[in-house]
Each structure stands twice: as C-alpha cells, then as structure tokens.
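If you're matching positions, the sequence shown starts at 74 in my numbering and goes up one per residue. Glycine included, C-beta positions come from ideal geometry on N, C-alpha and C.
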Amino acid sequence: MIDRAVRIGMIGCGTQANVHFAAIKELTEQIATVAAVCDLDDERLAAACQLWPQARSAKDYHEMLSPGDLDLVIVATMPNTHEAMSLASLEAGANVLCEKPFMMNATEAQNVLAKAETAGLRVQLGTNMRYMPSSQYLHRLIEGDSIGTPVYAKAWGCHDYPPVWAPHYHLATSGGGVLASTLVHTLDLAMWIGGSPNPLTVSAATNKLFPGKRGPKIDAKIHERYDAEDLLSAFVRFDNGAFYSLEGNWCSEAKDYHSFELTTTKGTVTGAPFTVKVDVEGEIVDQTPTLDGEDDWFKSVHTQDAALIGKLRAGEAWALQDARQLLNLQKIVDACYESARSGREVVF
74 MIDRAVRIGM
84 IGCGTQANVH
94 FAAIKELTEQ
104 IATVAAVCDL
114 DDERLAAACQ
124 LWPQARSAKD
134 YHEMLSPGDL
144 DLVIVATMPN
154 THEAMSLASL
164 EAGANVLCEK
174 PFMMNATEAQ
184 NVLAKAETAG
194 LRVQLGTNMR
204 YMPSSQYLHR
214 LIEGDSIGTP
224 VYAKAWGCHD
234 YPPVWAPHYH
244 LATSGGGVLA
254 STLVHTLDLA
264 MWIGGSPNPL
274 TVSAATNKLF
284 PGKRGPKIDA
294 KIHERYDAED
304 LLSAFVRFDN
314 GAFYSLEGNW
324 CSEAKDYHSF
334 ELTTTKGTVT
344 GAPFTVKVDV
354 EGEIVDQTPT
364 LDGEDDWFKS
374 VHTQDAALIG
384 KLRAGEAWAL
394 QDARQLLNLQ
404 KIVDACYESA
414 RSGREVVF
C-alpha cells in the first residue's frame with residue numbers, strides 16, 4: 074500500500090510517453106507524479122522537464138534509477154532496450170510497465186519475469202486495448218459462457234503506410250515488423266477475450282513489400298535500414314482446441330484497420346466494429362449492447378494507467394494480466410518468425 078502520490082519514472086519521452094504523461098496529469102498530483110524522466114534526445118528531455126519541472130532528468134537510465142525512490146517505471150523505448158531497462162528498474166525496487174513489443178525474444182521475457190517474481194514486484198505489458206469498454210464487456214461475456222466456447226478467431230493489424238515515425242522497420246532495434254509492432258495488439262486482445270489459452274503449434278509466412286510498395290513516398294534514409302517484415306500470415310493452434318488465423322500488413326490498400334473476430338459454439342463477436350451475434354434456435358440474433366464510453370485509444374491508456382496506479386496505492390495485484398499470458402504472447406511472436414524463417418511448423 075502507498076499512502077502518498079505514486080512516484081513514476083519515465084524512460085523514453087517520445088510519442089507514447091506523452092500519452093502516459095497526459096494520463097498521469099489527469100490523475101492529479103495527489104495520486105501520482107512523474108518524479109524522474111530519461112531520454113537520449115535533448116529536445117524530448119527538455120519537453121518532458123517542462124511538463125514535470127519537479128522531476129530529475131537524466132540521459133542515462135542508470136542515473137535516473139540510482140536513488141531507488143521510484144514506485145513505478147514506464148519503459149517507453151524501442152524493444153532492443155527493454156530487457157536491460159526493465160531489469161535495472163526492478164533492481165532499483167520499482168514496478169514496471171513496459172510498452173510493446175515486450176522483449177526481443179522469450180528468453181529476455183523470462184529473465185524479466187523471473188526477476189520480478191524474485192523481487193516481489195510487478196511487471197505488465199502495455200496492453201491498453203484490454204481496458205476498452207467493448208473489450209471488458211466481451212471478456213466478461215465469454216468468461217460467463219453464455220454464448221458458448223471459443224473455437225476460432227481471426228486477428229488482423231494493418232496500415233496503409235509503414236509506421237516510419239519510429240524505427241519499427243529496423244530489426245536490430247524492433248525485433249520484428251508488422252507482427253511485433255502492430256498485429257500483437259489485436260492478437261493479445263483475441264487471446265485474452267478467448268480465455269488466454271496456451272499455444273500448441275504455429276505456422277507462419279512473411280514478406281517485405283517495401284520499397285516496391287510505398288517506397289517513393291518515404292525518405293531514402295529509411296530505405297537503407299528497412300529490413301523487417303511488413304506482410305505476415307500465421308496459423309496458431311491452442312490447447313483448448315481453438316485455432317486462430319493472423320494477418321498483418323503495413324502496405325495495405327485498405328485504410329488502417331485493426332480488429333479481431335472470435336467465433337464460439339453459439340455465436341460470433343467482433344472487436345471493431347463492436348458486435349455480438351448469437352444463434353438462438355437456428356436464427357442469427359444481434360445481441361450487441363450499447364455500452365457506456367467509446368473505444369478510444371488514448372482513453373484506454375488513461376484507463377490502464379489509472380487502474381495500475383490505483384492498484385499500487387491499494388497494495389493490490391495487477392490482475393488483468395499475468396506472467397503466463399505475457400510469456401505466451403512473446404512465444405507466439407517468436408514462433409511466427411522462426412516458422413517463417415525455416416518454412417516449418419513450430420511445435421511447443
């Protein structure tokens with residue numbers, strides 16, 4: 074239990090960090106405050122210090138962490154730094170909220186999760202889409218077994234242009250392209266709503282469409298470093314008998330779209346557009362409810378951060394996500410890439 078404002082450190086002060094900053098400001102300084110900020114970029118660090126003038130600042134995250142006075146560290150950098158920064162934060166006595174992708178591979182994920190367990194601290198991946206009103210409703214609906222057992226899901230995450238605002242396209246930095254950086258959002262959501270089953274097998278194929286597609290519109294310097302997959306298709310079988318098909322595309326001719334569809338023994342639910350359709354005595358019946366609130370990305374980050382900070386203050390567990398779920402998600406990402414490289418199915 075924490076009977077004062079939760080002290081937060083931010084490693085990486087870019088785009089996603091600013092979403093967290095806005096969420097923390099909304100909570101008020103009596104609930105939470107950013108006590109330390111870290112970034113290698115002078116402009117980003119200066120902007121963060123303007124928002125949080127009371128925060129100490131550093132370019133080296135070890136220096137930021139050294140006083141050991143933080144309750145929570147948000148790691149909002151590229152994945153090639155996530156393991157070291159998360160381990161150092163845990164060593165300094167802070168709980169960790171790490172942005173996606175979680176780690177570069179399952180070995181790194183296991184290292185961080187093991188350290189957290191030993192230290193008695195919490196680690197969570199930024200799966201903010203779980204906090205959207207439709208996600209919460211569908212999770213309760215499937216958990217209640219009122220529309221049958223999940224048997225199949227489709228999850229897709231696509232952009233019409235590669236997201237070159239950060240080096241997600243560079244494997245040494247990102248660990249993966251469209252799967253690790255984009256599709257992982259809706260894959261996690263489909264698995265969580267579908268009961269968080271364990272994967273049994275994965276088969277996948279990838280391709281790189283850039284620069285043959287979208288190349289002329291993107292800076293030549295990016296061409297030189299762009300080596301990640303921007304097209305993926307995968308098939309995953311789970312231990313509850315369900316099977317999922319996955320699609321990721323950064324060069325889609327359709328507009329940006331990210332969603333999932335989950336089929337059960339009695340109906341089908343969809344994330345976006347939010348729908349619930351059920352077989353009632355042979356008839357397809359639309360049972361989509363009207364929910365309070367909308368599925369807004371920024372609001373879901375605010376809801377996530379408020380929930381995690383509230384749990385810290387109350388001394389309660391972060392129950393919406395556990396280590397097994399985190400590790401399973403990372404294992405599926407790893408297996409997709411291994412299957413695509415080898416041309417063979419990966420069996421767990």
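- Query: Who does H331 pair with in a DSSP beta bridge?
  - Reply: Here residue 331 refers to the residue found at position 258 of the sequence shown. The partner list for H331 (beta bridge, DSSP) reads G230.
(message) Please classify S415 as buried or exposed, where buried requires at least 16 neighbouring CB atoms within 10 angstroms.
(response) Working through the sequence shown from its first residue, we reach residue 415 at position 342. Classification for S415: exposed.
Do the CB positions of L399 and A182 come within less than 8 angstroms of each other?
Looking up residue 399 in the sequence shown gives position 326. Looking up residue 182 in the sequence shown gives position 109. Yes, these two residues count as a Cβ contact at 8 angstroms.
Go ahead and pull the three-state DSSP assignment for G383. In the sequence shown, counting from the first residue as 1, residue 383 sits at position 310. In this structure, G383 counts as helix in the three-state DSSP scheme.
Item to complete: Check whether the Cβ atoms of T106 and I75 sit closer than 8 angstroms, and answer yes or no.
Response: Here residue 106 corresponds to residue number 33 of the sequence shown, with the count starting at 1. Here residue 75 corresponds to residue number 2 of the sequence shown, with the count starting at 1. Their beta carbons are not under 8 angstroms apart, which means T106 does not touch I75 by this criterion.
**Message:** Does N178 come out as helix, strand or coil in the three-state DSSP assignment?
**Reply:** Numbered from its first residue, the sequence shown carries residue 178 at position 105. Of the three classes helix, strand and coil, the one that applies to N178 here is coil, per DSSP.
Beta-carbon separation (whole angstroms), Y242 vs A301, contact threshold 8 angstroms | Numbered from 1 along the sequence shown, position 169 holds the residue referred to as residue 242. Numbered from 1 along the sequence shown, position 228 holds the residue referred to as residue 301. Rounded, the Cβ-Cβ distance is 5 angstroms, consistent with contact.
_Using only the alpha-carbon positions, how far apart do R310 and D142 sit?_
Residue mapping note: residue 310 aligns to position 237 of the sequence shown, counting from 1. Residue mapping note: residue 142 aligns to position 69 of the sequence shown, counting from 1. Spanning the two alpha carbons is a distance of roughly 44 angstroms.
* Residue closest to D312, alpha-carbon to alpha-carbon, out of R298, K339 and P223 -> Here residue 312 corresponds to residue number 239 of the sequence shown, with the count starting at 1. Checking every option, the nearest Cα to that of D312 belongs to P223.
Tell me which residues share the same chain as K286 and place their Cβ nearer than 6 angstroms to its Cβ, disregarding the 5 neighbours each side in the sequence.
By 1-based counting over the sequence shown, the position of residue 286 is 213. Result list for K286: C324, in chain order.
**Asked** What whole-angstrom Cβ distance do L160 and K188 have, given they're in contact under 8 angstroms?
**Response** In the sequence shown, counting from the first residue as 1, residue 160 sits at position 87. In the sequence shown, counting from the first residue as 1, residue 188 sits at position 115. The Cβ separation is near 6 angstroms, so the contact holds.
In terms of residues, what are the limits of the beta strand (DSSP E) holding Y317? Position 244 of the sequence shown, counted from the start, is the residue given in the question as residue 317. Per DSSP, Y317 belongs to the beta strand (DSSP E) from F316 to N322.
- Query: Quick one, which of M205, S219, S208 and A263 has its alpha-carbon nearest L230's?
  - Reply: Within the sequence shown, numbered from 1, the residue matching residue 230 stands at position 157. At residue 230 the sequence reads Gly, which differs from the Leu that was named. G230 has its Cα closest to that of A263, out of M205, S219, S208 and A263.
Checklist entry - When burial is assigned at 16 or more other CB atoms within 10 Å of the CB, is D357 buried or exposed? => result Taking the first residue of the sequence shown as position 1, residue 357 is located at position 284. What sits at residue 357 in the sequence shown is Ile, not Asp. By the 10 Å Cβ count, I357 comes out exposed.
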